[in-house]
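Report on one structure; see the data block that follows.
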Amino acid sequence: MRESTIMKIHYGTALAAVALVAVHILMRLTMNYAESLEYENVLANYKFVPYAIMLELILILLSVHGFNGLRVILLELKQGRMYEKSVSYGCLAAMIGLIAYGSRTIIMTNMGMV
Amino acid sequence: MAQVSSVSNEQSPTAKSITLKISRYNPEHDESSGFMEFNVKYEKWTTVLEAILDVKKHFDHSVAVRYSCRQATCGSCGMIINGKPRLACFTKISELDSNTVTVEPMNNFPVIRDLAVKFEKLFDTHQKIKPYLIRDDTELVSDEKEFLQTPEEVEQYIQFANCIKCGLCNSACPTMATDSSFVGPQALAQAYRYVADSRDKGKDSRLKIIDDSHGIWRCHFAGSCSQVCPKGVDPAMGIQLLRGYMLGFSS
């Protein structure tokens, strides 16, 4: 993938994540903060499908943005063909791993398996 | 390696003196660089290059320095003067406002010896971005015989055409200090110079060259390149405008 395409995704995910995290924070303010973190309320959020979809989107956006940012930092720290390939594929694998693990949590909670 | 030398020469009574600290390093013999100190007389018009040449003439002819035009046109005498990348021929000692003037080789360039650095990478990256007008026709076959531009079209790129390839922007760039593969502000500013030229038709091929994992996207917009340019070029702005092309904000 061309670097400009990657960076467009990087900037896009940042903007979208800011918007969705703002919605997430606003939702927390609909009730007392401590109350919103109570076990039953947290589970209720996951079981409400539109909210679960938003959490999934936040997970994807932040993972893509974060791991690409890490890739960029690591590429600037050191150079070399092997190193750069390892960093790129390593970050991609970590990103997929984190999204898979987070999605598993969201889906299992949504389906009442927790 | 410190040495203090002075000369009781024939200069005018208005001359003042400073301590000139010159970085000495020969990669073939020395493990690390050191400084040699010289007391040099100067007038208010004396440049740092003239002071260095005075040292070469009177104290130590082995000091290595690259220079040519002495009028900020050839871009040969870039060095770190009192911690800032500048042209030695374009920097007067009197305007430095210091009793000690320290000169070191430019950062982010391999040192040949003392103040002389290798420019190969700078010229390679400059060549890589195709610093010439690309188009199928030429003024030799065109009916009009010349490619006319409006003053507004010239305004788009003219400041970037003032680049003298002195390397001061690359020396000041913090990304170049860590990323040895980074294209650098000089080449990126020159890429913009040709992309913004209405006569040029090579925009796509040029943008493809800098759209690399060590290309234009690695610029953090520190802006130090623009601060040190002796010709008033603003590479940081050129890079941002070039990003506009790549993100589709400009056509």
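Residue numbers (the working numbering), protein chains in the order written: chain A, 1 to 114; chain B, 1 to 251.
We treat Cβ as the ideally placed atom computed from N, Cα and C, and that holds for glycine.
Which residue or residues does DSSP assign as beta-bridge partners of residue i?
| i | result |
| --- | --- |
| P85/B | I80/B |
| S180/B | DSSP lists no partner for S180/B. |
| K92/B | T47/B |
| N115/A | In this structure chain A extends from 1 to 114, so residue 115/A is not present and cannot be described. |
| N39/B | T19/B |
| G12/A | In DSSP, G12/A forms no bridge with anything. |
| G90/A | Bridge partners of G90/A: none, in fact. |
| G34/B | R24/B |
| V111/B | V117/B |
Any beta carbon from chain A within less than 9 Å of residue i's own beta carbon?
| i | result |
| --- | --- |
| R206/B | no |
| L241/B | no |
| G202/B | no |
| D212/B | yes |
| W217/B | yes |
| D179/B | yes |
| L133/B | no |
Are there 16 or more other CB atoms within 10 angstroms of the CB of residue i, so buried, or fewer, so exposed?
| i | result |
| --- | --- |
| Q127/B | exposed |
| I93/B | buried |
| S4/A | buried |
| P50/A | exposed |
| Q71/B | exposed |
| N68/A | buried |
| W217/B | buried |
| C69/B | exposed |
| T150/B | exposed |
| S8/B | Residue confidence is low: S8/B scores 46 on pLDDT, short of 50, so the model does not pin down where it sits. Its coordinate-derived value is still stated next. By the 10 Å Cβ count, S8/B comes out exposed. |
| T175/B | buried |
Can you tell me which of the three DSSP states residue i falls into?
| i | result |
| --- | --- |
| A196/B | coil |
| I134/B | coil |
| S23/B | strand |
| I18/B | strand |
| K44/B | coil |
| I53/A | helix |
| T102/B | strand |
| F123/B | helix |
| A116/B | strand |
| G232/B | coil |
Could you tell me whether any Cβ in chain B is nearer than 9 Å to the Cβ of residue i?
| i | result |
| --- | --- |
| E3/A | yes |
| M82/A | no |
| M7/A | yes |
| V72/A | yes |
| Y89/A | no |
| L92/A | no |
| L75/A | yes |
| Y11/A | yes |
Please identify the residue among the options whose C-alpha is closest to the C-alpha of residue i.
| i | options | result |
| --- | --- | --- |
| P230/B | T102/B, Y157/B, N162/B | N162/B |
| H29/B | I112/B, K118/B, I210/B, L242/B | I112/B |
| E37/B | Y25/B, I52/B, L20/B, K84/B | L20/B |
| G90/A | L75/A, I25/A, L26/A, V42/A | L75/A |
| S181/B | F109/B, Y192/B, Y25/B | F109/B |
| H10/A | L59/A, H65/A, N41/A | H65/A |
| P85/B | S250/B, S224/B, F249/B, P151/B | S224/B |
| Q190/B | Y132/B, T150/B, L148/B, P105/B | Y132/B |
| L148/B | D124/B, D197/B, P105/B, Y25/B | D197/B |
| R193/B | I129/B, V101/B, Y25/B | I129/B |
| V101/B | C89/B, N82/B, T91/B, S251/B | N82/B |
| D204/B | S250/B, C173/B, G232/B | S250/B |
| S63/A | Y101/A, M27/A, A34/A, Y33/A | Y101/A |
| K78/A | R243/B, S213/B, L247/B, V65/B | S213/B |
| V265/B | M79/B, G248/B, K56/B, E155/B | The structure shown does not extend to residue 265/B, since chain B spans only 1 to 251, so no value can be given for it. |
| E120/B | G238/B, K165/B, I158/B | K165/B |
Got a sec: does the ligand FMN put a non-hydrogen atom nearer than 8 Å to the Cβ of residue i?
| i | result |
| --- | --- |
| P27/B | The model depicted lacks the ligand FMN and carries no ligand whatsoever. |
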